[in-house]
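Undergrad: Shown below is the structure under consideration.
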């Protein structure tokens, strides 16, 4: 089917860009069931409910999202339609649904909650927030709900995998690389170098609606102090919570800025919406700055903030404007999985989930 495009040829959003994966509802049911089983095991281990992914936080920050002025029409869409500033709460994290040492490399996350966002909602949740969930890798190793269901079976078998076995996985990956054998995509993610979290570039990995168009969102270091941290290794003798210490030490003395970027889809075959494992080529469509995320110096990891972010808050790509509706089978599975995980965590901990209406709800 030929898509209706503008000139330049940015793909126009329309509902039939999404195509249900064969057996999608049953696969999502299996994934959610496996996730809930893992949640129960981790909760029993810690006597406390944790997120099923990105359980360990490294910093919780207050800041501002400053929309760029004079954006061209194809970029001035949805949240980014007009130049203004929004308060944000941001959480840095690591991907596993358990608390592991920061000495072991793993995907790192940046979750951004934009507060005071008005407009029609992707899900009628009564909130006025827009969440962007980003990870320091541009693609998912499991790009469809079918691939994720297969991965979930592996994760279930390896739920108690030790740090030593993870190190062995990385050693095997290095040998394969030297022998010029291709790495499985999941190994590429798990063997990412262990660098300072603040110097990383973070990606939505999957697509979302971008007003009249479709895009992936990313956030890259902008200010000199955070750009200087890109590629800086975490020391091998670092502590169990080295990333928390690095984030807290940095924001005790410095502010930071990241540029928020949109990469618009121009070709649904080479930039697929339903397969998040495919890298969208920058030569087809570059990343364009649409906002600046400003984070002033602050106490980034007070006890009160950690409890609020880890126990009260919930981040979800479906806390979103309709103008930024998540797209693709992985994102559709999250519409079911994220609320179930959040409900379990809040019920176990006896804490009520609340979406903030003001930045003042973030403790100092």
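Residue numbers (the numbering used here): 3 to 366. Using N, Cα and C, we set each Cβ at its ideal position, and we do this for glycine too.
Please list the terminal residues of the continuous beta strand (DSSP E) segment that includes residue 346.
TA: By one-based count along the chain shown, residue 346 stands at place 344. That residue, residue 346, is in no beta strand (DSSP E); its alpha helix (DSSP H) goes 331-351.
Undergrad: When burial is assigned at 16 or more other CB atoms within 10 Å of the CB, is residue 360 buried or exposed?
TA: Start at 1 with the first residue of the chain shown, and residue 360 comes out as number 358. Per the 10 Å Cβ criterion, exposed.
Undergrad: What would DSSP say about residue 48, mapped onto helix, strand or coil?
TA: Residue 48 sits at position 46 when you count from the first residue of the chain shown. Correct three-state label for residue 48: helix.
Undergrad: Return the CA-CA distance between residue 20 and residue 129, expressed in angstroms with no decimal places.
TA: For the purposes of this step, residue 20 is identified with residue 18 of the chain shown, where counting begins at 1. For the purposes of this step, residue 129 is identified with residue 127 of the chain shown, where counting begins at 1. Approximately 25 Å, taken between the alpha carbons.
Undergrad: Name the two residues that bound the continuous alpha helix (DSSP H) containing residue 306.
TA: Indexing the chain shown from 1 puts residue 306 at position 304. 305-309 is the extent of the alpha helix (DSSP H) around residue 306.
Undergrad: Considering only C-alpha positions, which residue in the set 279, 74, 99, 235 is nearest to residue 208?
TA: Walking along the chain shown from the start, residue 208 turns up at place 206. Taking only the C-alpha atoms, the option nearest residue 208 is 279.
Undergrad: Measuring straight from C-alpha to C-alpha, what distance separates residue 113 and residue 94?
TA: To locate residue 113, count along the chain shown from 1; it is residue 111. To locate residue 94, count along the chain shown from 1; it is residue 92. Straight-line Cα distance between these residues: approximately 7 Å.
Undergrad: Residue range of the alpha helix (DSSP H) that residue 251 falls in?
TA: On the chain shown, residue 251 is found 249 positions in, with the first residue counted as 1. Here the alpha helix (DSSP H) through residue 251 covers 244-253.
Undergrad: Based on the DSSP output, what are the partners of residue 112 in its beta bridges?
TA: As a first step, residue 112 is located in the chain shown; it is residue number 110 there, counting from the start. Paired residue(s): 94, 136.
Undergrad: According to DSSP, is residue 150 helix, strand or coil?
TA: Along the chain shown, one-based indexing puts residue 150 at 148. Helix.
Undergrad: Are there 16 or more other CB atoms within 10 angstroms of the CB of residue 326, so buried, or fewer, so exposed?
TA: Mapped onto the chain shown, residue 326 falls at position 324. The residue is buried, with at least 16 neighbouring Cβ atoms inside 10 Å.
Undergrad: Rounding to the nearest angstrom, what Cα-Cα distance links residue 117 and residue 364 in this structure?
TA: Position 115 of the chain shown, counted from the start, is the residue given in the question as residue 117. Position 362 of the chain shown, counted from the start, is the residue given in the question as residue 364. In a straight line, the C-alpha of residue 117 is about 11 Å away from that of residue 364.
Undergrad: Suppose contacts are defined by Cβ-Cβ distances below 8 Å. Is residue 150 in contact with residue 62 by that definition?
TA: Counting from one through the chain shown, the residue named residue 150 turns up at place 148. Counting from one through the chain shown, the residue named residue 62 turns up at place 60. No; because the gap between Cβ atoms is not below 8 Å, this pair is not in contact.
Undergrad: Name the one or two DSSP bridge partners that residue 205 has.
TA: The sequence position of residue 205 within the chain shown is 203, counting from 1. Paired residue(s): 137, 220.
Undergrad: Over what stretch of residues does the alpha helix (DSSP H) that includes residue 226 continue unbroken?
TA: Counting from one through the chain shown, the residue named residue 226 turns up at place 224. Here the alpha helix (DSSP H) through residue 226 covers 226-229.
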